[in-house]
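Undergrad: Using our numbering, the letters of the sequence shown correspond one by one to residues 87 to 380.
Pasting a structure below so you can have a look.
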Amino acid sequence: MTKMKVRKAVFPAAGLGTRFLPATKAQPKEMLPLVDKPIIQYGVEEALAAGCDQIIIITGRGKSAIEDHFDVSYELEKMLEERGKTELLSVVRQISDMIHVAYVRQKEAMGLGHAVLMARELVGYEPFAVLLADDVIDAAVPCLKQMIDVFNETQSSVIATQVVEGPAISAYGVIQGKPVEGRFGGRLHDITNLVEKPKFADAPSNLAVIGRYVLTPTVFETLAQTPLGAGGELQLTDGLRLLLQREKLYGYVFEGKRHDTGDKLGFLKATVEFALKRPDLGGSLREWLKELKL
Numbered sequence: 087m088t089k090m091k092v093r094k095a096v097f098p099a100a101g102l103g104t105r106f107l108p109a110t111k112a113q114p115k116e117m118l119p120l121v122d123k124p125i126i127q128y129g130v131e132e133a134l135a136a137g138c139d140q141i142i143i144i145t146g147r148g149k150s151a152i153e154d155h156f157d158v159s160y161e162l163e164k165m166l167e168e169r170g171k172t173e174l175l176s177v178v179r180q181i182s183d184m185i186h187v188a189y190v191r192q193k194e195a196m197g198l199g200h201a202v203l204m205a206r207e208l209v210g211y212e213p214f215a216v217l218l219a220d221d222v223i224d225a226a227v228p229c230l231k232q233m234i235d236v237f238n239e240t241q242s243s244v245i246a247t248q249v250v251e252g253p254a255i256s257a258y259g260v261i262q263g264k265p266v267e268g269r270f271g272g273r274l275h276d277i278t279n280l281v282e283k284p285k286f287a288d289a290p291s292n293l294a295v296i297g298r299y300v301l302t303p304t305v306f307e308t309l310a311q312t313p314l315g316a317g318g319e320l321q322l323t324d325g326l327r328l329l330l331q332r333e334k335l336y337g338y339v340f341e342g343k344r345h346d347t348g349d350k351l352g353f354l355k356a357t358v359e360f361a362l363k364r365p366d367l368g369g370s371l372r373e374w375l376k377e378l379k380l
């Protein structure tokens, strides 16, 4: 039997970004810059580094800035060329040369499961990755690459998880399962159930679901059969619970640091941490932070 390979990465980006209003009134939240790069580009670069060469972005109204960002900008390139700004020119060209991008319009925001289902025709019958751009993960080995390594060995769907202690677990989907002994350093868990945003007392574990998934195409069938959940939305968690009845599903505790840039404080922390790592900014920023005498 030939092994399935993950080549396509889906980015649901149709959400309204109300937590960042008024900044997101006229621009997508995915285009908010972390230092000097839009949030979504970190995810796209992660997918590329993991071996995905086809990017599918699920967009909605008012999201054309995302399409423009990954497109060629002839006027900008010509101006940079004429002014001899070769370094900036290569940075700009790198973005449009990076990947093959396809876009699907989600006409109404009907939940994450619905956004993933919108990619069905473009993905076809092959495994694929889903990345939620809000979760920017800083890791020596890209998080998605770690997960695809797991998929290549197990040929089963894999969900990224992270330990979240205390009542904060109630903000996440949570996995129930048991560690798989002797494989992937105890980081792999055989999932038996998924619970969406449980009360702290009812949480089946301290392993929260993070915005990275590697899924088999069977998930399209289960999502198509999943009834709408809370708020009339099609929840990905509900579709994955149905998938569990048909196939194995693993949780993988990835190595790396996750930044929740969909949260204002998380966004600010990520900006500072990423800037501190930059050779051109880190030293000066560190000195300035010391001057603040916080």
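Backbone N, C-alpha and C define an ideal beta-carbon position, used for all residues, glycine too.
Could you tell me if R169 is buried or exposed, where buried requires 16 or more neighbouring beta carbons within 10 angstroms of its beta carbon?
TA: Stepping through the sequence shown from its first residue, residue 169 is reached at position 83. So R169 ends up on the exposed side.
Undergrad: From which residue to which residue does the alpha helix (DSSP H) around R327 run?
TA: Start at 1 with the first residue of the sequence shown, and residue 327 comes out as number 241. Start and end: L322 to L330.
Undergrad: Whose CA, out of L378, V190, L162 and V187, lies closest to the CA of V177?
TA: What you label residue 177 is simply residue 91 of the sequence shown in a count that begins at 1. Of the candidates L378, V190, L162 and V187, the one whose C-alpha sits nearest the C-alpha of V177 is L162.
Undergrad: Check each candidate in V190, T172 and Q311 and name the one with the smallest Cα separation from S150.
TA: Numbered from its first residue, the sequence shown carries residue 150 at position 64. Looking at V190, T172 and Q311, the one whose alpha-carbon comes closest to that of S150 is V190.
Undergrad: On the three-state DSSP scale, how would you describe D346?
TA: Counting from one through the sequence shown, the residue named residue 346 turns up at place 260. Note: D346 maps to strand in three-state DSSP.
Undergrad: For the stretch 249-274, which segments carrying the beta strand (DSSP E) assignment without a break, of at least 3 residues, lie completely within its bounds, in sequence order?
TA: 259-265
Undergrad: Which residues mark the beginning and the end of the beta strand (DSSP E) in which F156 is found?
TA: Here residue 156 is taken as the residue at index 70 of the sequence shown, counted from 1. Looking at the DSSP string, F156 is not in any beta strand (DSSP E), and its letter there is neither H nor E.
Undergrad: Out of curiosity, what's the CA-to-CA distance linking K171 and L351?
TA: As a working note, residue 171 is residue 85 in the sequence shown. As a working note, residue 351 is residue 265 in the sequence shown. The straight-line gap from Cα to Cα measures roughly 35 Å.
Undergrad: Less than 8 Å between the CB atoms is what I'm expecting for A215 and Y258, so what's the real figure, rounded?
TA: Here residue 215 corresponds to residue number 129 of the sequence shown, with the count starting at 1. Here residue 258 corresponds to residue number 172 of the sequence shown, with the count starting at 1. Contact doesn't hold; Cβ gap of about 20 Å is too wide.
Undergrad: Looking only at DSSP bridge pairs, what is H200 linked to?
TA: Residue 200 sits at position 114 when you count from the first residue of the sequence shown. DSSP lists no partner for H200.
Undergrad: Residue ranges of each beta strand (DSSP E) run of no fewer than 3 residues wholly in the stretch 190-246, ordered along the chain?
TA: Taken in chain order, the complete beta strand (DSSP E) segments of 3 residues or longer contained in the stretch 190-246 are 214-217 and 221-224.
Undergrad: So, is the C-beta of L375 closer than 8 Å to a C-beta in chain B?
TA: In the displayed structure, chain B is absent; only one protein chain is listed.
Undergrad: Of the choices L380, W374 and A361, whose alpha-carbon is the least far from that of D122?
TA: As a working mapping, residue 122 is identified with position 36 in the sequence shown. Of L380, W374 and A361, the residue nearest in Cα terms is A361.
Undergrad: Would G103 pass as a contact of P114 if the rule is Cβ separation under 8 Å?
TA: Along the sequence shown, one-based indexing puts residue 103 at 17. Along the sequence shown, one-based indexing puts residue 114 at 28. Cβ distance < 8 Å, so G103 and P114 count as in contact.
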